[in-house]
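Going by this note's numbering, the sequence shown opens with residue 2, and the numbers climb by one from there. Just so it is clear, CB atoms sit at the ideal spot from N, CA and C, and this is done for glycine as well. These numbers were taken from a predicted model, which means no experiment stands behind them.
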Amino acid sequence: MSPDERSQYQEMGGDIREILFSAQQIQDRIQALGDQITQDYRGKDLLVIGVLKGVTFFIADLLRAIHLPLEVDFLAVASYSAEARNQGLVRLVKDLETPINGRDVLFVEDMVDTGLTLNYLLRSLRMRQPASLQVCTLFNKPARRLIDTPIKYVGFDLPDLFVVGYGLDFRERYRNLPFVGILKAQALQKAGKNSAG
Ligand code: 5GP
2 MSPDERSQYQ
12 EMGGDIREIL
22 FSAQQIQDRI
32 QALGDQITQD
42 YRGKDLLVIG
52 VLKGVTFFIA
62 DLLRAIHLPL
72 EVDFLAVASY
82 SAEARNQGLV
92 RLVKDLETPI
102 NGRDVLFVED
112 MVDTGLTLNY
122 LLRSLRMRQP
132 ASLQVCTLFN
142 KPARRLIDTP
152 IKYVGFDLPD
162 LFVVGYGLDF
172 RERYRNLPFV
182 GILKAQALQK
192 AGKNSAG
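This is the structure we're talking about:
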């Protein structure tokens, strides 16, 4: 752990049980993804699309690791009930500002878990007839997948664990941790008591 990480770790009240990926490990992997994407998209009309808001940390670093001219746009989806989520229902609350037909689209996610959100969004994007559509996710949980979704670029595969940090939240907290880790059971319970629902 770097001195910065240690201080942020302590300020979060030691809510983290274990650090899975340090800030340096995350940056190294993103550089490698950026190199690969730079090679694959040379000469193409690249439009990178992210889903707010967990992806903002990852996409900011990934875009700077891609050494090509590109454009970026964002979608936002509503938080949904567990029931709706299990059926793969997602409500788009912010649409793209850029038309994507004929563009080479790289869709960037922070996490693919069951794959239901991604599947829904990809179906909606395909209807707009991009020239190509590929997916890049920082984290992937293959063991949790309910629907098969093709992912070209994967940062890290994860086991079936709930993680926070580097954009990933628990009840809107912990996004600003520079590393990714697992919360202590007490932190999950404490948030449960403090939360209105
Ligand atoms: P999916 O539709 O693939 O099941 O859901 C993906 C979304 O679930 C992610 O974008 C993220 O918001 C949330 N998610 C899934 N696993 C985790 C996790 O381990 N930690 C956090 N913070 N969010 C997760």
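Starting from L53, trace the alpha helix (DSSP H) both ways and give me its first and last residue.
Residue numbering aside, residue 53 sits at position 52 when the sequence shown is read from its first letter. Per DSSP, L53 belongs to no alpha helix (DSSP H); it is in the beta strand (DSSP E), L47 to L53.
Could you check what DSSP says for A66 in three-state terms: helix, strand or coil?
Indexing the sequence shown from 1 puts residue 66 at position 65. If DSSP states are grouped into helix, strand and coil, A66 belongs with the helices.
Is M2 near ligand 1, in the sense that its beta carbon is under 7 Å from a heavy atom of that ligand?
Against the sequence shown, residue 2 aligns to sequence position 1. Not under cutoff, so the answer is no.
Rounded to whole angstroms, what's the CA-CA distance from A79 to R92? Just pull it up for me.
Your numbering for residue 79 matches position 78 in the sequence shown. Your numbering for residue 92 matches position 91 in the sequence shown. Approximately 5 Å, taken between the alpha carbons.
So is the beta-carbon of L119 under 7 Å away from any non-hydrogen atom of ligand 1?
In the sequence shown, the residue the question calls residue 119 occupies position 118. For ligand 1, at least one heavy atom lies less than 7 Å from the Cβ of L119.
Grab the span of the alpha helix (DSSP H) containing G35 for me, first residue to last.
Residue mapping note: residue 35 aligns to position 34 of the sequence shown, counting from 1. It spans A24 to D41 - the alpha helix (DSSP H) in which G35 sits, taken as one unbroken run.
Compute every distance between the C-beta of V136 and the non-hydrogen atoms of ligand 1, then say whether any falls below 7 Å.
Translated into positions along the sequence shown, residue 136 becomes position 135. No, ligand 1 has no heavy atom inside 7 Å of this Cβ.
Would you tell me roughly how many angstroms separate the C-alpha atoms of G198 and F163, rounded to the nearest one?
The count along the sequence shown starts at 1 and reaches residue 198 at position 197. The count along the sequence shown starts at 1 and reaches residue 163 at position 162. Only weak support exists for where G198 lies, its pLDDT of 33 falling under 50; the value from the coordinates is given anyway. Cα to Cα, the separation comes out at about 19 Å.
Check whether the stretch 67-78 touches the stretch 43-59, taking contact to mean three or more Cβ pairs, one atom from each stretch, closer than 8 Å.
Contact holds: three or more Cβ-Cβ distances are below 8 Å.
So what's I152 in DSSP terms, helix, strand or just coil?
By 1-based counting over the sequence shown, the position of residue 152 is 151. Coil.
Indicate whether L107 and V113 have their beta-carbon atoms separated by less than 8 Å.
Position 106 of the sequence shown, counted from the start, is the residue given in the question as residue 107. Position 112 of the sequence shown, counted from the start, is the residue given in the question as residue 113. No.
So the candidates are G116, P70 and I17; which of them puts its Cα closest to the Cα of Q187?
Taking the first residue of the sequence shown as position 1, residue 187 is located at position 186. Taking only the C-alpha atoms, the option nearest Q187 is I17.
Would you say V113 touches ligand 1, meaning its beta carbon is less than 7 Å from a heavy atom?
Residue 113 sits at position 112 when you count from the first residue of the sequence shown. The answer is yes for V113.
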